[in-house]
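Chains as they are written, first to last, in my numbering: chain A, 87 to 560; chain B, 1034 to 1146.
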């Protein structure tokens, strides 16, 4: 009886403490009258006649990044079993809903507020005070989409066995703290961007900030959770657990690719930076090269033309080009994409070999290729574009006579990103595991499908679901 | 009255049905089933990992005929149209039926078949 009491109390404690802290924070940061801020936009327009172009572009780009949530939803649904689809849709919807609110309250300020020793931001909580300004709101809009993208990457790695409540709490943690603090170090004027190597660590649209962080947190989740029932047999051999719809998976990849034009080209943060044309072309070619490369590699290994791998390859190419997209020439984008495509296939097979169950390949696609994207900047940057502007200093990599400086800065950031995400991820999921009495659903629920256990209903109650492999223990 | 149950390849069903209709037996019940006798399963692949499908999809055709004499032609029609010569062609079972009732009219016995 005593242990039951303790478990019930600790299960309520975590959300209570989190809720209380947010309320306290809100009270402490009561809005003060705006001084130099421009909430109506009138002053900003007077000062900057080009503002309308920028605002239109950024808002459209933000919407493009937002639709990537739909892309992830379709991709994870397609690669997982029908009995878990409600759960996947719930996680996908709520990591945006909860994550964006957490980012609004706390995360954005930590990421972009006035820097405390290059470690984290300290102003701008709840977008209040002199944050109530059209320019700040515009930046927030764009950035919140990126935070949500990082959050949703993890859903794939922890799919089909994570308690949904644990996922809600994780969404708060990643968007309130884990993602923004690292993001501050790279995009918020923090210490990684000021490294004395090359022009400091750079990451144009977030191979590291978004994808590596998401991918390695996904790895942490997969490690703490353990593999799905039936994924590995007694001897450690990996079994295929086929997803329920390659149609959804493919649709998801097309939507993601479409949204990526906003993700990469929008990161110019200005319609006047015509480099966006180069960025968009690089994005396209890297995705294509990734798909072709993955297909070739998987065919060499298994003699089959596997569409799931080709789809992952396209995304891998996109992840890989996300950091270098503004700084490389088209041929380099093809190479970067092709390498990414190979990395994802080998990554998926490797994870199977070391008995880590990653249902959709999130760790290989986003984690490994996030790192590759960061390093690629240090190799292929050709010195024709600067730091989000046409003026110097330009970003130059090893292959263009820039020396190893930029590559070193990239490597440091890559190691930091992976370690930060993996370590904090392990701590977070382990804490949740203890606080919630286990973050994994009970075995019977996992076998029946999370839709029934967690959500009280199936995704397809009146649509025939035929399981080709119903007689195996999974 | 005899019941004829035939487990056949799904792709042979329309040919079998036409043959039975020509013989004067348009009525039947179909069930989608899985099974295997000696036929081996199928090995497929998903994202680099293989998996084996043990039980293969088949179709079970059931119909009831009036007398033992009718069994022969029906069984031959089914078998001739179901046969491909490969393992997995299926089986036909014949059993005795005690009673048949037509729900709409309440008739029973041979006139209800």
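Just so it is clear, CB atoms sit at the ideal spot from N, CA and C, and this is done for glycine as well.
query: Contact set between the region 1054-1075 of chain B and chain A, restricted to residues whose Cβ is under 8 Å from the partner; result: none
query: Within-8 Å CB hit, residue 498 of chain A to chain B; result: no
query: Pairwise C-alpha distance: residue 523 of chain A and residue 394 of chain A; result: 35 Å
query: Unbroken alpha helix (DSSP H) run spanning residue 1090 of chain B, endpoints; result: First-last for residue 1090 of chain B: 1089-1098, but that is the beta strand (DSSP E), not the alpha helix (DSSP H).
query: Host beta strand (DSSP E) of residue 1041 of chain B (start-end); result: 1035-1041
query: Endpoints, the beta strand (DSSP E) within which residue 1078 of chain B is located; result: 1075-1079
query: Contact with chain E by residue 328 of chain A, beta-carbon distance below 8 Å; result: The displayed structure is made up of protein chains A and B, and chain E is not among them.
query: 8 Å Cβ cutoff met for residue 509 of chain A and residue 278 of chain A; result: no
query: Residue 499 of chain A: first and last residue of the uninterrupted alpha helix (DSSP H) it sits in; result: 491-521
query: Boundaries of the alpha helix (DSSP H) in which residue 365 of chain A is found, first to last residue; result: 362-388
query: Contacts that residue 1162 of chain B makes with chain A (C-beta to C-beta distance below 9 Å); result: As shown, chain B starts at 1034 and ends at 1146. That puts residue 1162 of chain B outside it, with no answer to give.
query: CB contact below 8 Å: residue 560 of chain A versus chain B; result: Model confidence at residue 560 of chain A stands at a pLDDT of 47, short of 50, so the residue's coordinates are unreliable; what they give is reported in the following sentence. Residue 560 of chain A does not count as touching chain B.
query: Span of the alpha helix (DSSP H), counted from its first residue to its last, around residue 1085 of chain B; result: Careful: residue 1085 of chain B lies outside any alpha helix (DSSP H), inside the beta strand (DSSP E) at 1082-1086.
query: Closest residue to residue 553 of chain A among B:1117, B:1143, B:1067 and B:1052 (Cα-Cα distance); result: B:1067
query: Spatial neighbours of residue 1130 of chain B in its chain, beta-carbon cut-off 6 Å, leaving aside the 5 residues before and after; result: 1034, 1036 and 1097
query: Residue nearest to residue 539 of chain A in terms of C-alpha spacing, selected from A:546, A:529 and A:548; result: A:529
query: CA-to-CA distance, residue 448 of chain A to residue 226 of chain A, given in whole angstroms; result: 26 Å
query: Cα-Cα separation between residue 374 of chain A and residue 462 of chain A, rounded to whole angstroms; result: 17 Å
query: Residues, ordered as in the chain, of the region 387-404 of chain A that lie near chain B by beta-carbon distance below 8 Å; result: 387, 388, 390, 392, 394, 395 and 398
query: Environment of residue 458 of chain A [buried if 16+ CB atoms lie within 10 Å]; result: buried
query: Residue 318 of chain A - DSSP class collapsed to helix/strand/coil; result: strand
query: Beta-carbon proximity of residue 537 of chain A to residue 172 of chain A, cut-off 8 Å; result: yes
query: Proximal residues to residue 175 of chain A (C-beta, below 8 Å), its chain only, five neighbours per side dropped; result: 159, 163 and 545
query: Three or more C-beta pairs below 8 Å linking the region 351-371 of chain A and the region 180-190 of chain A; result: no
query: Contact with chain A by residue 1080 of chain B, beta-carbon distance below 8 Å; result: yes
query: Every unbroken alpha helix (DSSP H) inside the region 416-473 of chain A [4 residues or more]; result: 416-439 and 455-466
query: Beta carbon proximity, residue 555 of chain A to chain B, threshold 8 Å; result: yes
query: Cβ distance (whole Å) where residue 284 of chain A is taken to contact residue 492 of chain A below 8 Å; result: 3 Å
query: CB contact flag (residue 1086 of chain B, residue 1039 of chain B, <8 Å); result: no
query: Cβ neighbour criterion (16 or more within 10 Å) applied to residue 550 of chain A; result: exposed
query: Proximity of residue 317 of chain A and residue 325 of chain A at Cβ, strictly below 8 Å; result: yes
query: Contact check, residue 378 of chain A vs residue 431 of chain A, beta carbons under 8 Å; result: no
query: Continuous beta strand (DSSP E) stretch holding residue 1063 of chain B: start and end; result: 1062-1068
query: Under 8 Å between C-beta atoms of residue 402 of chain A and residue 451 of chain A; result: yes
query: Members of the region 310-341 of chain A that neighbour chain B once the beta carbon cut-off is set at 7 Å; result: 324, 325, 326 and 328
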